[in-house]
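Taking it in order: structure first as structure tokens, then the write-up.
See the structure below:
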């Protein structure tokens, strides 16, 4: 078992697949939100977590962060830094979803589509999914071996 775990962890192909999967998910998630930030702002308003003056700013910044960090993971542009940003966003998303789960709010999360009714509404499922994505992001962040297909990467 230990040999399997070591082989899995030391494998640059596994790290590459993790980067492409997580990066692809974040690029896909950003698409609708980049094209329609006003609709995404309404979804953010539904979370009932942020002061009104910041909602439009969040609706503009978050999708572009998702897009840029997703592309950075895919092409291998400072993948540890990109994974750190993705992990920070995932922790933020998990926190926002958890607060609304505790409150008992039903809402459109705006995770992958801004189309009303296109999202799951049970926050517990979304939190579980985000923890799985966080595990991928942590694997990428803590990976210490040679990376495949990186445009630019910091050592170690």
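Residue numbers (the numbering used here): 407 to 562.
Backbone N, C-alpha and C define an ideal beta-carbon position, used for all residues, glycine too.
Which residue from the options puts its Cα closest to that of residue i?
i           : options            : result
residue 486 : 425, 420, 435, 419 : 425
residue 491 : 421, 428, 462      : 428
residue 474 : 435, 552, 497, 537 : 435
residue 514 : 423, 419, 447      : 447
Does the Cβ-Cβ distance between residue i and residue j come in under 7 angstroms?
i           : j           : result
residue 449 : residue 500 : no
residue 476 : residue 440 : no
residue 478 : residue 488 : yes
residue 564 : residue 539 : The question about residue 564 has no answer, for the chain in this structure spans 407 to 562.
Could you tell me the distance, in whole angstroms, from the CA atom of residue i to the CA atom of residue j?
i           : j           : result
residue 549 : residue 437 : 28 angstroms
residue 503 : residue 460 : 18 angstroms
residue 468 : residue 417 : 32 angstroms
residue 516 : residue 545 : 26 angstroms
residue 547 : residue 505 : 26 angstroms
residue 451 : residue 537 : 24 angstroms
residue 465 : residue 455 : 13 angstroms
residue 410 : residue 431 : Caution is warranted here: a pLDDT of 45 is assigned to residue 410, below 50, making its placement in the model unreliable, and the coordinate value is therefore given only provisionally. Each residue's alpha carbon lies about 27 angstroms from the other.
residue 551 : residue 519 : 35 angstroms
residue 482 : residue 508 : 37 angstroms
residue 421 : residue 471 : 21 angstroms
residue 458 : residue 531 : 27 angstroms
residue 423 : residue 484 : 16 angstroms
residue 541 : residue 553 : 18 angstroms
residue 443 : residue 419 : 36 angstroms
residue 445 : residue 510 : 23 angstroms
Is it buried or exposed, residue i, if we count other Cβ atoms within 10 angstroms and call 16 or more buried?
i           : result
residue 453 : buried
residue 512 : exposed
residue 543 : buried
residue 463 : exposed
residue 529 : buried
residue 480 : buried
At the 7 angstroms Cβ level, is residue i part of the contact set with chain D, yes or no?
i           : result
residue 503 : In the structure shown, chain D cannot be found, because there is only a single protein chain.
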